[in-house]
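J.: The following block contains the structure, expressed as structure tokens.
Number of protein chains: 2
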Amino acid sequence: MTAERVPLSRARVLGAAVAIADRDGIAALTMRRLAQDLGVEAMSLYHHVANKEALLDGVIEVVMAEIAEAVGEPVVEDWQAAMRARVLTARQVFLRHPWAARVLETRTSISPGVIAYYDGVLAIFRAGGFSYDLAHRALHALGSRALGFSQELFDLSDPAADAEAEAMVQELAEHFPHLAAMVAEIAHDDPDSALGWCDHQAEFEFGLDLILSGLERLRAEG
Amino acid sequence: MTAERVPLSRARVLGAAVAIADRDGIAALTMRRLAQDLGVEAMSLYHHVANKEALLDGVIEVVMAEIAEAVGEPVVEDWQAAMRARVLTARQVFLRHPWAARVLETRTSISPGVIAYYDGVLAIFRAGGFSYDLAHRALHALGSRALGFSQELFDLSDPAADAEAEAMVQELAEHFPHLAAMVAEIAHDDPDSALGWCDHQAEFEFGLDLILSGLERLRAEG
DNA sequence: ACCTGAACACCGTTCAAGT
DNA sequence: ACCTGAACACCGTTCAAGT
């Protein structure tokens, strides 16, 4: 936008890429569009990122740096409260960048930022008295939830699917009685769905607490 | 391959698409390649699927039909054992189609096959004495695990990342002492990683059972 | 009704050339 | 060292035309 004469740098390229994805979605993030926003030819980008995949790797590093700053140093007392706070803080960053979860999942190489985040998670587990074996299984049990997001495969309260889904559920109510009954019973009037897939705060916290308290039980048993 | 004179049909198109993804990965599934495998021009496909997105929708329906056949009618006694069996059976199908989980997550429209699967899940919860409210929260807690898969964001035992990751972990051991220690302690010699993301059977079952037993506790409390 | 061929508007990326 | 312009090899898709 401004600062036309600032020379291109990796940081400027990645920053502009995040801005495009935030504003217009991840599909809008093309090399040509990115170059245009930077006032440069597309090919100039290749001096700062090796290719499109490397660009996406870099964009994830930006997001993970945001998370690292937000969560700070791992707290080492009351592991369950510390984990809960860490995850919910990270989640706020993903709510700001709804495209980031999907990009993160498509990375093939290991991201140093993700590694650093998980090392902090492990620090909390260890301080809470977990063996490395239990901590390892805990990481698997949490999956992406450790980073603050969890995909739902369909969303009955998705505002985007409103008309279509409502008609569909209506139409299919006779075939799928349980789903129809559940939808009818549950008042879904809180519109705080933000991650594209259904991921309401209360429901995320329910799943998180269910896993954390299960882990605490296993830890206490030794 | 064979059957050159069989007229094109939606079923043949979707079957060929699944075969391409299974054999050469989801990136190989292009309209042109699909047409070529069917001995037809690319544009002919558009008489049987509206566009590429509709093709992917259809491909998911094929996978969900495989799952529906594999899981059968929902069992209605011992909800926990029934859910466990249903999920692990569905998981087998995803292990046969490693690309399917990612495609499923990118669907924007609701898939009838997924709806039907979840209706069966709800039938099991209800027969086990769950309220619709608890069943709803249970679906969120399980997330994609209800369908048999869970993405891990990085995989320390991924054979593909072997050399690179090992060197990296080595190099970064001083910065990430907990991860390094955990990797060193855990004997990762079972090579049954199959879904691309780390998703070993034992670790999947650990997470699944942790959630299911947590849900049982909540159900018993009323 | 079903299939075709050429064409269009996009991609990411290579390469030789400029400063 | 950094950036450019043209070009290449791909995409998904439109359209008018064939049978």
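Line order of the protein sequences matches chains U and Y.
At position 98 of the first sequence (counting the first as 1) the number is 98 in full-length UniProt numbering, and the numbers step up by one without a gap.
At position 2 of the second sequence (counting the first as 1) the number is 2 in full-length UniProt numbering, and the numbers step up by one without a gap.
Note that the Cβ used here is the ideal one computed from N, Cα and C, for glycine as well.
Does Y/Ile60 get closer than 7 Å to chain U when you measure Cβ to Cβ?
T.: Taking the second sequence and counting its residues from 1, the one referred to as residue 60 of chain Y is at position 60. No - not a single Cβ of chain U is within 7 Å of the one on Y/Ile60.
J.: Interface residues of chain Y around U/Phe130 at Cβ under 8 Å?
T.: Along the first sequence, one-based indexing puts residue 130 of chain U at 130. Under the 8 Å cutoff, chain Y gives no residues; its nearest Cβ is about 10 Å from U/Phe130.
J.: Along chain U, in chain order, which residues have C-beta atoms closer than 8 Å to that of Y/Met182?
T.: Numbered from its first residue, the second sequence carries residue 182 of chain Y at position 182. The answer, in chain order, is Leu122, Tyr132, Ala135 and His136.
J.: Is U/Gln92 helix, strand or coil by DSSP?
T.: Mapped onto the first sequence, residue 92 of chain U falls at position 92. If DSSP states are grouped into helix, strand and coil, U/Gln92 belongs with the helices.
J.: Can you list the alpha helix (DSSP H) stretches of 4 or more residues lying completely in the region 36–77 of chain Y, in chain order?
T.: You should have 52–71.
J.: What does U/Glu185 reach in chain Y if we use C-beta pairs closer than 9 Å?
T.: On the first sequence, position 185 is the one that residue 185 of chain U refers to. Result: Ser131, Tyr132, Asp133 and His136.
J.: Is the beta carbon of U/Val93 closer than 7 Å to that of U/Ile67?
T.: Sequence index remark: in the first sequence, residue 67 of chain U carries index 67 (1-based). Sequence index remark: in the first sequence, residue 93 of chain U carries index 93 (1-based). In this structure, U/Val93 lies closer than 7 Å to U/Ile67 by Cβ.
J.: Does U/Gln151 come out as helix, strand or coil in the three-state DSSP assignment?
T.: In the first sequence, counting from the first residue as 1, residue 151 of chain U sits at position 151. Coil.
J.: When the Cα atoms are used, what is the spatial distance from Y/Asp78 to Y/Gly128?
T.: Counting from one through the second sequence, the residue named residue 78 of chain Y turns up at place 78. Counting from one through the second sequence, the residue named residue 128 of chain Y turns up at place 128. Y/Asp78 and Y/Gly128: Cα-Cα distance of roughly 7 Å.
J.: Assuming the contact rule is C-beta atoms closer than 8 Å, Y/Ala123 and U/His178 should be a hit. Round their C-beta distance to whole Å, please.
T.: The count along the second sequence starts at 1 and reaches residue 123 of chain Y at position 123. The count along the first sequence starts at 1 and reaches residue 178 of chain U at position 178. The Cβ separation is near 5 Å, so the contact holds.
J.: Taking DSSP as the reference, what is the three-state secondary structure of U/Ile110?
T.: Locating residue 110 of chain U in the first sequence gives position 110, counting from the first residue. In the structure shown, U/Ile110 sits in coil (DSSP, three-state: anything other than H, G, I, E or B).
J.: Does the region 72–88 of chain Y come within contact of the region 43–51 of chain Y, defined as at least 3 CB pairs closer than 8 Å?
T.: Output reads no: the region 43–51 of chain Y does not touch the region 72–88 of chain Y.
J.: Using the rule of at least 16 other Cβ atoms within 10 Å of the residue's Cβ for burial, across every protein chain shown, is U/Ser9 buried or exposed?
T.: Numbered from 1 along the first sequence, position 9 holds the residue referred to as residue 9 of chain U. With fewer than 16 Cβ atoms within 10 Å of its Cβ, U/Ser9 is classed as exposed.
J.: Hey, could you find the ends of the alpha helix (DSSP H) Y/Phe176 is sitting in?
T.: Translated into the one-based positions of the second sequence, residue 176 of chain Y becomes position 176. Neither: Y/Phe176 is in no alpha helix (DSSP H) and is coded neither H nor E.
J.: What would DSSP say about Y/Leu218, mapped onto helix, strand or coil?
T.: Within the second sequence, the letter at position 218 stands for residue 218 of chain Y. Note: Y/Leu218 maps to helix in three-state DSSP.
J.: Could you tell me which chain U residues have their CB closer than 7 Å to the CB of Y/Leu179, listed as they occur along the chain?
T.: Taking the first residue of the second sequence as position 1, residue 179 of chain Y is located at position 179. Ile115, Tyr118, Asp119 and Leu122, listed in chain order.
J.: So what's U/Leu34 in DSSP terms, helix, strand or just coil?
T.: Here residue 34 of chain U corresponds to residue number 34 of the first sequence, with the count starting at 1. If DSSP states are grouped into helix, strand and coil, U/Leu34 belongs with the helices.
J.: Is Y/His140 closer than 7 Å to U/Glu105 when the C-beta atoms are compared?
T.: Counted from its first residue, the first sequence places residue 105 of chain U at position 105. Counted from its first residue, the second sequence places residue 140 of chain Y at position 140. Not a contact, by the Cβ cut-off of 7 Å.
J.: Just the C-alpha distance for U/Pro112 and U/Glu185, rounded to the nearest angstrom, thanks.
T.: Counting from one through the first sequence, the residue named residue 112 of chain U turns up at place 112. Counting from one through the first sequence, the residue named residue 185 of chain U turns up at place 185. So the alpha carbons of these two residues sit roughly 45 Å apart.
J.: One question on the structure: do U/Leu134 and U/Val103 come within less than 7 Å of each other, judged by their Cβ atoms?
T.: Taking the first residue of the first sequence as 1, we reach residue 134 of chain U at position 134. Taking the first residue of the first sequence as 1, we reach residue 103 of chain U at position 103. No. Outside cutoff.
J.: Note the first and the last residue of the continuous alpha helix (DSSP H) segment covering U/His200.
T.: As a position in the first sequence, residue 200 of chain U is number 200, starting the count at 1. Per DSSP, U/His200 belongs to no alpha helix (DSSP H) and is neither H nor E.
J.: In whole angstroms, what separates the C-alpha of U/Pro7 from that of Y/His175?
T.: Residue 7 of chain U sits at position 7 when you count from the first residue of the first sequence. Residue 175 of chain Y sits at position 175 when you count from the first residue of the second sequence. For U/Pro7 and Y/His175, the distance between alpha carbons rounds to 32 Å.
J.: Can you list, in chain order, the residues of its chain with a C-beta nearer than 8 Å to that of Y/Ala65? Leave out the 5 residues immediately preceding and following it.
T.: Here residue 65 of chain Y corresponds to residue number 65 of the second sequence, with the count starting at 1. Excluding positions up to five away in sequence, the list reads Gly113.
J.: Could you tell me the alpha carbon to alpha carbon distance between U/Ile211 and U/Glu53, rounded to whole angstroms?
T.: As a working note, residue 211 of chain U is residue 211 in the first sequence. As a working note, residue 53 of chain U is residue 53 in the first sequence. In a straight line, the C-alpha of U/Ile211 is about 34 Å away from that of U/Glu53.
J.: Using 10 angstroms around the beta-carbon of U/Val76, count the other beta-carbons present and answer buried if the total reaches 16, otherwise exposed.
T.: Residue numbering aside, residue 76 of chain U sits at position 76 when the first sequence is read from its first letter. When all chains shown are included, U/Val76 counts as exposed.
J.: Residue range of the alpha helix (DSSP H) that U/Gly15 falls in?
T.: One-based indexing of the first sequence puts residue 15 of chain U at position 15. First-last of the alpha helix (DSSP H) with U/Gly15: Arg10 to Asp24.
J.: Determine the burial state of Y/Gly72: buried for a count of at least 16 other Cβ atoms within 10 Å of its Cβ, exposed for fewer.
T.: The residue labelled residue 72 of chain Y in the question sits at position 72 within the second sequence. Flag for Y/Gly72 reads exposed.
J.: With respect to the alpha helix (DSSP H) encompassing Y/His140, which residues constitute its N-terminal and C-terminal limits?
T.: Counting from 1 along the second sequence, the entry for residue 140 of chain Y is found at position 140. Segment Tyr132 to Leu142, the alpha helix (DSSP H) holding Y/His140.
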